[in-house]
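In the numbering used here, the protein residues as written are 1 to 398.
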């Protein structure tokens, strides 16, 4: 497929460069590089700290099919719809790791409370040197992950056990520092992007027709049309931007892309069910070095112009007392907001990095009405960060 290699090379040459001086990515990358030097010098695997650390999620009130806090390997078939997935890290600075903990291993939790390990998925590293993305379809019946044995991504139907691997190999070096997956509702399409904007390409896979299209690096996939022909991407560093790429499968080479800048710093949630709505949360300087907080409102953005359409104050969730990320939609009018209590303290970025994992803290999911701002609580989890807590549906910006 010479045409594909030519396109991938062309897209990689012109892919937008992410400015890693932006607060969130800069912090994560600095700690990643510092960890790498520590490994080389002293063979110590360090752990990234702060708001952008990898998630180590434990269900707040698990109802596992086996003993509490443990999990068996994912059965070959017959698994019900999922409520969420999480990654375990086994050396918290204080407190206990879950029983049977596998460092960097993925676990999935069904709506009935059964917990299973996804042994086929690549294990993530606590230092952020090796990301391992995972996605869940909107109905919770399919998962996508990087299959360590196959050397590429795989989509698994949990009920039938059918596994389909991507039509091309993806070396682990192509996963970057932060990797993202978006899985279509029917499991046919899988989008993979990563940061920073490395030379190697991001991709959109058609798992059924065994085809690939290149995507720009350094973006978060937040929406995909049912036919896979239009994708919506968001970027927050070095500035907030939205990009819509159309005609992805109508030609063998170039697609039509429209990119707009957004004035200010926003973290966009998943694209709305109508295929047009983009709702975001503003990132605000908390007045303490290295600390950001969320703005008080849900912010509706025009994805065609980048302009702010309106702001909706949120009720029932203290946005300013938490750091909030938006995820997928629970219905035509509600979006999921995942909130972590704000913990702003002066940090010395030159201080040695702890070899332990961060403490567990509560993360609470809310369904927020995008028109009225009314929030209702959905669930509370215990976690160490946002990055590897996965809920069903399209992801938001991370």
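All C-beta atoms in this analysis are idealised placements derived from N, C-alpha and C, irrespective of residue type, glycine included.
Where does residue i sit, in a helix, a strand or coil, going by DSSP?
i	result
residue 219	coil
residue 61	Bear in mind that the predicted position of residue 61 carries a pLDDT of just 40, short of 50, making it unreliable; the figure below should be weighed with that in mind. Three-state DSSP puts residue 61 in coil, outside helix and strand.
residue 372	coil
residue 146	strand
residue 37	Residue placement at residue 37 cannot be trusted, given a pLDDT of 37 that sits under 50; what the coordinates show is reported in the next sentence. Three-state result, residue 37: helix.
residue 174	helix
residue 106	strand
residue 295	strand
residue 394	coil
residue 209	coil
residue 235	strand
residue 53	Here the model assigns residue 53 a pLDDT of 36, short of 50, so the residue's position is not dependable and the matter cannot be decided.
residue 189	strand
residue 360	coil
residue 133	coil
residue 86	strand
residue 255	coil
residue 166	coil
residue 378	strand
residue 262	coil
residue 241	strand
residue 92	strand
residue 184	coil
residue 389	coil
residue 111	coil
residue 155	strand
residue 201	coil
residue 81	coil
residue 121	strand
residue 246	strand
residue 367	strand
If you compare alpha carbons, which of the options is closest to residue i?
i	options	result
residue 290	299, 342, 131, 217	342
residue 226	372, 130, 272	272
residue 172	132, 107, 136, 140	132
residue 213	392, 237, 256	256
residue 370	299, 134, 294	299
residue 72	115, 90, 83	115
residue 288	345, 243, 87	345
residue 280	334, 247, 286	334
residue 247	215, 236, 239, 270	215
residue 260	142, 236, 166, 251	236
residue 93	384, 394, 393, 398	384
residue 181	167, 198, 307, 233	233
residue 320	306, 339, 327	339
residue 331	359, 292, 302, 274	274
residue 296	143, 337, 78	337
residue 325	88, 387, 277	387
residue 123	112, 110, 89, 111	89
residue 301	241, 323, 96	241
residue 360	269, 111, 87	87
residue 77	83, 366, 162, 151	162
residue 210	372, 125, 396, 249	249
residue 150	286, 394, 121	121
residue 309	293, 277, 269, 366	277
residue 313	362, 368, 293	368
residue 304	245, 95, 193	245
residue 85	168, 323, 113	113
residue 143	392, 130, 286	392
I believe residue i touches residue j by the beta-carbon criterion, under 8 Å. Please report the beta-carbon distance rounded to the nearest angstrom.
i	j	result
residue 223	residue 184	With a Cβ gap of about 10 Å, residue 223 and residue 184 do not count as contacting.
residue 316	residue 374	6 Å
residue 140	residue 75	Not confirmed; about 16 Å, so no contact.
residue 328	residue 107	Not really, about 20 Å apart at Cβ, beyond 8 Å.
residue 148	residue 390	Residue 148 to residue 390, Cβ: 18 Å. No contact.
residue 145	residue 118	6 Å
residue 191	residue 218	That belief does not hold up - the Cβ atoms of residue 191 and residue 218 are roughly 14 Å apart, past 8 Å.
residue 221	residue 231	6 Å
residue 170	residue 189	That pair is no contact at about 16 Å.
residue 394	residue 270	4 Å
Check whether the segment 372 to 379 and the segment 191 to 207 touch, using three or more Cβ-Cβ pairs below 8 Å as the test. no
Give, in chain order, every unbroken run of the beta strand (DSSP E) that is at least 3 residues long and sits entirely within the segment 304 to 348. 308 to 313, 322 to 329, 334 to 341
Tell me, please, whether the segment 251 to 265 touches the segment 169 to 178 by the rule of three or more beta-carbon pairs shorter than 8 Å. no
Sufficient close CB pairs (3 or more, under 8 Å) joining the segment 156 to 169 to the segment 84 to 102: no
Mind pulling the beta strand (DSSP E) runs of 3 or more residues that sit fully within the segment 267 to 293? 278 to 285
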